[in-house]
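S.K.: Provided herewith is a single structure, encoded as structure tokens, for subsequent inquiry.
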Amino acid sequence: MLLNLLPHLVNGVTLGLLFALIALGFMLILGLMEQINLAHGSLFALGAYFAFAISAPRLPLPQDLLAAWAAVPIGWRFAAALVFAPVLVAPFGVVLERLMRRTYGRDPLYGLLLTFGIAMVLEELIRAIWGTRDYMLPMPREISGGFIMLDLIWSTYRFWAAGFAILAMAGVWVIVERTRFGAMVKAGAHDPEIVQAMGIDLARLRVWVFVLGTMLAAFAGVVMAPMWGIRPHMGVDAVVPAFLIIVLGGVGSFWGAALGGLLVGLVVGLSGAYASEWSMLSMYLLLIAVVTFRARGLFGKKSVLEA
Amino acid sequence: MALFEAKDLHLRFGSRVVLENVSLAFEAGQLSGIMGPNGAGKTTCFNVLTGRYKPHRGQVLLEGQDITGRSPQEIARLGVARSFQIMNLFDEFTVFENIAIALPATRARGGNMVAQAYADRTLQDEALEILDKVGLAARADDMAKALPYGARRALEIAVALACRPKLLFLDEPTAGLGSDGRARLAELIRTLKGDLTIVIIEHDMEFLFSLADRISIIHWGQVIAGGTPAELKANPWVQSSNLGRLN
Amino acid sequence: MTQPRTTATFTTAMLVCWLIFASVPLWIERVGLYQYLGVEILIFAIYALAYNLVLGHAGLPSFGHGAFFGVGAYAFGLAQFNLAGNLWVCLIAATAAAALSGAVVAAFISHRRGIYYSLMTIAFGQVFWFTAIKAHGITGGEDGLLKIQRLPVDLGVTSFSIADNVALYYFAFAVFVVISLMLWRLVHSPFGRVVKAIKQNETRARFVGYDVWRYKAAVLVLSAALSGLAGGLFAMAQASAFPDVMSLHYSGYVVMMTLVGGGLVSFWGPVMGAAAFFLTRDIVGAFTTAWMLWFGLFFVTLVLFKPEGIAGMIQDLAQRPKLRSRPAAPVTPAEAR
Numbered sequence: 020m021l022l023n024l025l026p027h028l029v030n031g032v033t034l035g036l037l038f039a040l041i042a043l044g045f046m047l048i049l050g051l052m053e054q055i056n057l058a059h060g061s062l063f064a065l066g067a068y069f070a071f072a073i074s075a076p077r078l079p080l081p082q083d084l085l086a087a088w089a090a091v092p093i094g095w096r097f098a099a100a101l102v103f104a105p106v107l108v109a110p111f112g113v114v115l116e117r118l119m120r121r122t123y124g125r126d127p128l129y130g131l132l133l134t135f136g137i138a139m140v141l142e143e144l145i146r147a148i149w150g151t152r153d154y155m156l157p158m159p160r161e162i163s164g165g166f167i168m169l170d171l172i173w174s175t176y177r178f179w180a181a182g183f184a185i186l187a188m189a190g191v192w193v194i195v196e197r198t199r200f201g202a203m204v205k206a207g208a209h210d211p212e213i214v215q216a217m218g219i220d221l222a223r224l225r226v227w228v229f230v231l232g233t234m235l236a237a238f239a240g241v242v243m244a245p246m247w248g249i250r251p252h253m254g255v256d257a258v259v260p261a262f263l264i265i266v267l268g269g270v271g272s273f274w275g276a277a278l279g280g281l282l283v284g285l286v287v288g289l290s291g292a293y294a295s296e297w298s299m300l301s302m303y304l305l306l307i308a309v310v311t312f313r314a315r316g317l318f319g320k321k322s323v324l325e326a
Numbered sequence: 004m005a006l007f008e009a010k011d012l013h014l015r016f017g018s019r020v021v022l023e024n025v026s027l028a029f030e031a032g033q034l035s036g037i038m039g040p041n042g043a044g045k046t047t048c049f050n051v052l053t054g055r056y057k058p059h060r061g062q063v064l065l066e067g068q069d070i071t072g073r074s075p076q077e078i079a080r081l082g083v084a085r086s087f088q089i090m091n092l093f094d095e096f097t098v099f100e101n102i103a104i105a106l107p108a109t110r111a112r113g114g115n116m117v118a119q120a121y122a123d124r125t126l127q128d129e130a131l132e133i134l135d136k137v138g139l140a141a142r143a144d145d146m147a148k149a150l151p152y153g154a155r156r157a158l159e160i161a162v163a164l165a166c167r168p169k170l171l172f173l174d175e176p177t178a179g180l181g182s183d184g185r186a187r188l189a190e191l192i193r194t195l196k197g198d199l200t201i202v203i204i205e206h207d208m209e210f211l212f213s214l215a216d217r218i219s220i221i222h223w224g225q226v227i228a229g230g231t232p233a234e235l236k237a238n239p240w241v242q243s244s245n246l247g248r249l250n
Numbered sequence: 009m010t011q012p013r014t015t016a017t018f019t020t021a022m023l024v025c026w027l028i029f030a031s032v033p034l035w036i037e038r039v040g041l042y043q044y045l046g047v048e049i050l051i052f053a054i055y056a057l058a059y060n061l062v063l064g065h066a067g068l069p070s071f072g073h074g075a076f077f078g079v080g081a082y083a084f085g086l087a088q089f090n091l092a093g094n095l096w097v098c099l100i101a102a103t104a105a106a107a108l109s110g111a112v113v114a115a116f117i118s119h120r121r122g123i124y125y126s127l128m129t130i131a132f133g134q135v136f137w138f139t140a141i142k143a144h145g146i147t148g149g150e151d152g153l154l155k156i157q158r159l160p161v162d163l164g165v166t167s168f169s170i171a172d173n174v175a176l177y178y179f180a181f182a183v184f185v186v187i188s189l190m191l192w193r194l195v196h197s198p199f200g201r202v203v204k205a206i207k208q209n210e211t212r213a214r215f216v217g218y219d220v221w222r223y224k225a226a227v228l229v230l231s232a233a234l235s236g237l238a239g240g241l242f243a244m245a246q247a248s249a250f251p252d253v254m255s256l257h258y259s260g261y262v263v264m265m266t267l268v269g270g271g272l273v274s275f276w277g278p279v280m281g282a283a284a285f286f287l288t289r290d291i292v293g294a295f296t297t298a299w300m301l302w303f304g305l306f307f308v309t310l311v312l313f314k315p316e317g318i319a320g321m322i323q324d325l326a327q328r329p330k331l332r333s334r335p336a337a338p339v340t341p342a343e344a345r
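Just so you know, the sequences run in chain order A, B and C.
Just so you know, we're using our numbering here: the first sequence kicks off at 20 and counts up by one.
Just so you know, we're using our numbering here: the second sequence kicks off at 4 and counts up by one.
Just so you know, we're using our numbering here: the third sequence kicks off at 9 and counts up by one.
Quick look at the structure:
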């Protein structure tokens, strides 16, 4: 009986890795900024939608161009989506950062209202462009479908998705721990004044961190699209686990985010074993439980999340 | 029995000890001072005494009653009021309302969802009386955020007074004031002395020494000296420290 | 000399608004609109006023208020089908059920503010929404509860049918007037002023002796209850209760209309916001299906550049011709509307 849980476990781990990816992007941004960005989930959603647009475009382009593109093997188109969707979403992140600048130093309520509004606008934009129906991201047969092992049905894509997530996380780790940029980001999160005193343009750093965070969210959106489907309001289902992971794992810890992500992913994945419809709900219930029982003073440094 | 006592307070933030063996006593009707360098733990001490932080060890007693770890609102209701170093005003309220909202009479009716908040003449008179005391009566209808700095400092104290406390804690009330402001503040505190028990955290030695009956010095989270201003002037630590610039 | 510090029972602006609303059924069709629009505006005006207790008045960002509105709608329908076909019973059921929901949520979140508060309200909103969709037996699932009737207004001596849109409009209008008078009083009562103080400085409010948790909880319960009342009216208006009103998207509508109208600085702002929202839907919506996108952009622009909203802009215009150094009038600036 317990063996039946294994595929759900894998599902949970995969979800967890992807949640962790989103949380990492969220966290990098949070380290340098003063506000939580409720629109982060929208970037995730845009990633999925742009991926869809790339692999199966319906743009008003010349017919032969579209036909030529459609003739390209789906594997290449999917790969193109993985690579280029985040790039296409990056400008949205830049714009978002600029807009959020106006709320610095003011009552945090304004930042919340602003990013909430932007999230709604982006959702409406998605609805306006792509409509309200659900979409499925076309995938190469090699990585979709299922296989049987140990008398259980496993989803092939879950493993690929986990692989993509691990790759991306490794990339983030390298950037944060092994590059000058990463060092500046960590320093800036720790002590913005020293960073500025060293002559580093904090404003530009922020923009680049936003770009990185945006691309991570968008990438997660592409990878998750075959698992969750593509719907206009998929954004909120991404921002909540990101926040939850940060509450669990703390701001500023790579492994905190990874482990927190796994925990959340496992809860969602395993609850799906018992009632697939309630798996999303479990995430929200987990948030409520965690925020209720986690005492204040969770973070080492005074965090923007307090009060 | 002292009106207010702290016994052996210990407080840690993470691994950092911020208060160690802090014992203080404030006699009724007296004005006590707390001095010490920046970061010594003076405001933290206030925060423990007024319920913002709970000490890991030690007791806080009000009129012999143990109030350790009680919430700030409970302690406030027992008659302990404080002002803040970084001002905590109701910026969108008028000066009048800043006071009126703090009056016990308003607090008692806090659950009332139908009556007019400040229609009561007695209440209005009470509020204006306090404003008179601090010299803000003329500005009663100004918004708190529009006041000049000195007036905001006065309002900061006035709000604490509005609670009609037995014990008034003032955290660096002269911060940012010029010599005029300081003189006025000293005058005000002198008029309050006697009716109230007052405890002041201050950096300005001259100011504090001219007003206090007793002063404690806190350094590195500990009480390192205490006594009347005269006794302290003779204290070698005070003399040699940066604080000892009084002569 | 002490000056009287009381507020009138209602302002001129409110009175003018009421008169305009009272007259609406007489001319709304002549301007190319329709009676039901008036009903919608009134219902959401009540909802927005209730919502603004939490947002504008207490400064708490609730993004899950749709849950209370929805609970009210469902409770109205369920009461009608299972308790009694009596309008008052059903409306009370709607209000009470929503109040209870508010109390549950308040128990979990009233010690928070800011981002935690908002995320929790989002989470609760989603939980309510999921439950509404999944609990087929009670809520009718995705389709919702259907065939909710407009029950007659039974005043003992007489009874009016409100099956007709105009009659329903006037009933909703009566509720609206009562609620706005109630809330106006509340906002100027000791309770209201304490909540306003808590919005500005929770710390100081605590240190002058107020149990901040209780006030925040109370204001949420109250707001939830009245949102539920609006939901009950909505159930009658739409003849149904469906899960969508509890979705984050729908909760966002009331946030937007409240801020756009000027709820952050004005008592009456949310009413104007509700009107603006629905007029945009019908007028701009006639030109493009993406009207919501435009309204959303308008909302974002206002948050960035003029969070005081429409009411704020009106206040600016009203203050310009007068040179104000010290107000001579006995009414304090905070009450001048």
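For each residue, glycine too, the CB sits at the ideal point set by N, CA and C.
Looking at Leu-235 (chain A): is its Cβ nearer than 8 Å to the Cβ of Leu-43 (chain A)?
M.R.: It is a contact, given that the beta carbons lie within the stated cut-off.
S.K.: Mind listing which residues of the stretch 107-134 of chain B have their C-beta closer than 8 Å to chain C's C-betas, in chain order?
M.R.: Answer set for the stretch 107-134 of chain B: Pro-107, Thr-109, Arg-110, Arg-112, Gly-113, Gly-114, Asn-115, Met-116, Val-117, Ala-118, Gln-119, Ala-120, Tyr-121, Ala-122, Arg-124, Gln-127, Asp-128 and Leu-131.
S.K.: Among the candidates A:Arg-313, A:Ile-145 and A:Ala-39, whose CA atom is the shortest distance from the CA of Ala-257 (chain A)?
M.R.: Ranking the options by Cα distance to Ala-257 (chain A), first place goes to A:Ala-39.
S.K.: Let me make sure I understand the geometry here. Which of C:Ala-105, C:Val-268 and C:Pro-69 has the alpha-carbon closest to that of Pro-127 (chain A)?
M.R.: Closest by alpha carbon: C:Pro-69.
S.K.: Identify the continuous beta strand (DSSP E) that holds Glu-8 (chain B) and give its terminal residues.
M.R.: Glu-8 (chain B) -> beta strand (DSSP E) spans 7-16.
S.K.: Quick one: what does DSSP say Gln-119 (chain C) is sitting in, helix, strand or coil?
M.R.: With the sequence shown as reference, residue 119 (chain C) is identified as His, and Gln is not the correct amino acid for it. Residue state, collapsed to three classes: coil.
S.K.: Which whole-angstrom value describes the C-beta separation of Glu-173 (chain B) and Ile-201 (chain B), a residue pair presumed to lie in contact below a C-beta threshold of 8 Å?
M.R.: This sequence places Leu at residue 173 (chain B); Glu is not what is there. About 7 Å separates the two Cβ atoms, so the contact holds.
S.K.: Just mark Arg-212 (chain C) as buried or exposed, buried being the case when its beta carbon has 16 or more other beta carbons within 10 Å.
M.R.: Looking at its Cβ environment, which holds 16 or more other Cβ atoms inside 10 Å, Arg-212 (chain C) is buried.
S.K.: List the residues of chain C whose Cβ lies closer than 9 Å to the Cβ of Leu-92 (chain B), in chain order.
M.R.: What Leu-92 (chain B) touches in chain C: Gln-208, Asn-209 and Arg-212.
S.K.: Ignore the nearest five residues each way along the sequence and tell me which others in Phe-132 (chain C)'s own chain have a CB closer than 7 Å to its CB.
M.R.: These residues qualify, in order along the chain: Gly-72, Ala-75 and Val-113.
S.K.: Mind checking whether Val-225 (chain C) and Ala-58 (chain C) have CB atoms under 8 Å apart?
M.R.: According to the sequence as given, residue 225 (chain C) is Ala; it is not Val. Contact: no.
S.K.: Between Arg-193 (chain B) and Phe-212 (chain B), what straight-line distance do the alpha-carbon atoms span, to the nearest angstrom?
M.R.: Cα to Cα, Arg-193 (chain B) sits roughly 13 Å from Phe-212 (chain B).
S.K.: Excluding the 5 residues flanking Ile-89 (chain B) on each side, which residues of the same chain have their C-beta closer than 8 Å to its C-beta?
M.R.: Excluding residues within five positions, none has a Cβ falling inside 8 Å.
S.K.: Beta-carbon within less than 7 Å of Ile-160 (chain B)'s beta-carbon, same chain only, minus the 5 sequence neighbours each way: which residues are those?
M.R.: The residues are Ser-86, Val-137, Leu-173 and Pro-176.
S.K.: Taking the C-alpha atoms as reference points, what is the distance between Ala-138 (chain A) and Glu-116 (chain A)?
M.R.: Between Ala-138 (chain A) and Glu-116 (chain A), the C-alpha separation is close to 13 Å.
S.K.: Below 8 Å between beta carbons: does that hold for Phe-307 (chain C) and Met-264 (chain C)?
M.R.: In this structure, Met-264 (chain C) lies closer than 8 Å to Phe-307 (chain C) by Cβ.
S.K.: Please list, in chain order, all residues of the same chain as Leu-214 (chain B) whose beta carbon is under 8 Å from its beta carbon, the five residues on each side excluded.
M.R.: Taken in chain order, the residues that qualify are Leu-34, Gly-36, Ala-189, Ile-192, Arg-193, Lys-196 and Ile-203.
S.K.: Going along chain C, which residues have a C-beta under 7 Å from Phe-262 (chain A)?
M.R.: Per Cβ cutoff of 7 Å: Leu-127.
S.K.: If Ala-81 (chain C) and Ala-243 (chain C) are in contact, beta carbons under 8 Å, what's the gap, nearest whole angstrom?
M.R.: The pair is a contact, with the Cβ atoms about 4 Å apart (cut-off 8 Å).
S.K.: Hey, Tyr-177 (chain C) and Val-47 (chain C) are a contact pair by Cβ (cut 8 Å); roughly how many whole angstroms apart?
M.R.: That pair is a contact at about 5 Å.
S.K.: Where DSSP assigns a beta bridge to Tyr-154 (chain A), which residues make up the other side?
M.R.: Partner(s): A:Ile-249.
S.K.: Among C:Thr-288, C:Phe-275, C:Ser-126 and C:Leu-86, which one has its Cα closest to the Cα of Met-21 (chain C)?
M.R.: First, the residue type needs correcting, since residue 21 (chain C) is Ala and not Met in the sequence shown. If we check each option's Cα against that of Ala-21 (chain C), C:Phe-275 comes out closest.
S.K.: Can you give me, in chain order, the residues of the stretch 46-60 of chain B that have a beta carbon less than 9 Å from any beta carbon in chain C?
M.R.: Answer set for the stretch 46-60 of chain B: Thr-53, Gly-54 and Arg-55.
S.K.: Under a three-way DSSP split, which group does Gln-68 (chain B) fall into?
M.R.: Note: Gln-68 (chain B) maps to strand in three-state DSSP.
S.K.: Along chain A, in chain order, which residues have C-beta atoms closer than 7 Å to that of Met-265 (chain C)?
M.R.: Per Cβ cutoff of 7 Å: no residues; Met-265 (chain C) is ~12 Å from chain A at best.
S.K.: Can you find a CB in chain A that lies within less than 8 Å of the CB of Pro-69 (chain C)?
M.R.: With 8 Å as the cut-off, Pro-69 (chain C) counts as an interface residue toward chain A.
S.K.: So, helix, strand or coil for Glu-205 (chain B), using DSSP?
M.R.: Coil, per DSSP.
S.K.: When the Cβ atoms of the stretch 127-143 of chain C are set against those of the stretch 189-198 of chain C, are three or more pairs found closer than 8 Å?
M.R.: As far as the Cβ criterion goes, the stretch 127-143 of chain C does not touch the stretch 189-198 of chain C, which means the pair count is below three.
S.K.: Give the range of the alpha helix (DSSP H) segment to which Ser-26 (chain B) is assigned.
M.R.: Note, Ser-26 (chain B): premise wrong, no alpha helix (DSSP H); beta strand (DSSP E) at 19-29.
S.K.: For Gln-76 (chain B), count neighbouring C-beta atoms within 10 Å of its own C-beta (all shown protein chains included) and say buried if the count is 16 or more, exposed if not.
M.R.: Buried is the call here.
S.K.: Roughly how many whole angstroms lie between the Cα atoms of Phe-303 (chain C) and Gly-260 (chain C)?
M.R.: Near 12 Å, if we compare the C-alpha coordinates of Gly-260 (chain C) and Phe-303 (chain C).
S.K.: Do the stretch 82-95 of chain C and the stretch 315-324 of chain C make contact, defined as three or more Cβ pairs closer than 8 Å?
M.R.: The stretch 82-95 of chain C vs the stretch 315-324 of chain C: no contact.
S.K.: Of the residues A:Ala-98, A:Ala-202, A:Thr-122 and A:Ser-61, which one's Cα is nearest the Cα of Arg-146 (chain A)?
M.R.: Ranking A:Ala-98, A:Ala-202, A:Thr-122 and A:Ser-61 by Cα distance to Arg-146 (chain A) puts A:Ser-61 first.
S.K.: How long is the line joining the alpha carbons of Leu-23 (chain C) and Asp-324 (chain C), rounded to whole angstroms?
M.R.: Taking the straight line joining both Cα atoms gives about 20 Å.
S.K.: Under the rule that 16 or more other beta-carbon atoms within 10 Å means buried, what is Thr-309 (chain C), buried or exposed?
M.R.: Classification for Thr-309 (chain C): exposed.
S.K.: Going by the CB atoms, is the gap between Ala-249 (chain C) and Leu-108 (chain C) shorter than 8 Å?
M.R.: The answer is no: Cβ separation not under 8 Å.
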